[in-house]
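For reference, each letter of the sequence shown is one residue, going -3 to 247 in the numbering used here.
A short write-up of the structure that comes next.
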Amino acid sequence: CGNQAASNGGGLRIQGSTIASLDGVTVAGNASGSGGALAAFVPVLVRGTIVGDNAGAQCQSPANIISLGGNVAEGADCASFTAPGDRLGVDPGLGPLAANGGRTRTHALLPGSPALDAAGAACAAADQRGVPRPLGGACDAGAFEAQPDLRAAVAAAPAAVTAGGRVTYTITVANGGVAGAGDAALALALPDGLVPESITPSQGACTSAASCALGAIGPSGQASVVLTARLRSPGAPVVTATATATGDANP
């Protein structure tokens, strides 16, 4: 990313005597007099790759670029991107090159990016940062697998209760990430003196008063759990909630 060339591929110039391949690659932010992103002078197999946000043409010699599907290209000059799952002539929805985790900088996928879940089930086991993939429904195209970001909030009513009184806790698990969470889980830490009576999730199931498997929570989605309990002594006991999911950006 961020390369420049006078001609023939500012991002990648691929030549030689063997077939090359690109799998789960983001080619963005490059400039060239021709073939701004990708110049292919030998056959190149391309799968689950993003070619976009480049100055000049996106692809040069598209006849040598053989799509295996799940690619996203901004320019119509990547004309060979016609396999199942390919998206041609669309804004890839990339964030700036930044430190998003891992040892190298990456372009994060923005909300609504056509690269989200675009690569299907066939992809490498991890993205450029080492984040496992797929997360959510399918693999994302490009070098960045978008992550869920689960947060749990607890509200108690009433705020203070007399001995023997009942208190209801509503725990809301919200996903603020770009990707859906496929296996959201909730763990509750209950203080001494709190006697659970019932726990009811809006989805999924709770195996105890301290553990719930909530299943899938989509981007900007949420699930809730209602815990009803009695107090052995008066006060305002605090319940602590932790929400997790595979690939959570803030586990």
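Note that beta-carbon positions come from the ideal geometry of N, C-alpha and C, so glycine has one too.
For a minimum of 3 consecutive residues, which ranges assigned as the beta strand (DSSP E) are wholly contained in the stretch 104 to 185? 146 to 153, 162 to 171 and 177 to 185
Run of the beta strand (DSSP E) containing residue 215, from where it starts to where it stops: First-last for residue 215: undefined, no H or E at that position.
Counted within 10 angstroms of its Cβ, other Cβ atoms place residue 99 as buried (16 or more) or exposed: exposed
So, are the CB atoms of residue 175 and residue 142 less than 8 Å apart? yes
Have a look at residue 207 and residue 183 and give me their C-alpha separation to the nearest angstrom. 5 Å
Specify the secondary structure class of residue 58 as computed by DSSP and reduced to three states. helix
For residue 83, which residues does DSSP report across the bridge? 68
C-alpha distance - residue 202 paired with residue 118, whole-angstrom precision: 33 Å
Pull the bridge partners of residue 95 from the DSSP assignment, please. Per DSSP, none; premise fails for residue 95.
In whole angstroms, what separates the C-alpha of residue 218 from that of residue 236? 18 Å
Between the Cα of residue 228 and those of 167, 188 and 49, spot the shortest distance and give me the residue it belongs to. 188
Cα separation between residue 214 and residue 232? 33 Å
Does DSSP classify residue 226 as helix, strand or coil? strand
State yes or no: is the C-beta of residue 48 within less than 8 Å of the C-beta of residue 54? yes
Touching by the beta-carbon criterion (3+ pairs, under 8 Å), the stretch 64 to 81 and the stretch 103 to 119: yes
May I ask you to report which of helix, strand or coil DSSP gives residue 101? coil
For residue 62, which residues from the same chain have a beta carbon less than 8 Å from its beta carbon, with the 5 sequence-adjacent residues on both sides left out? 39, 40, 41, 42 and 76
By a C-beta neighbour count over all protein chains shown, 10 Å radius and 16 as the cutoff for buried, is residue 11 buried or exposed? exposed
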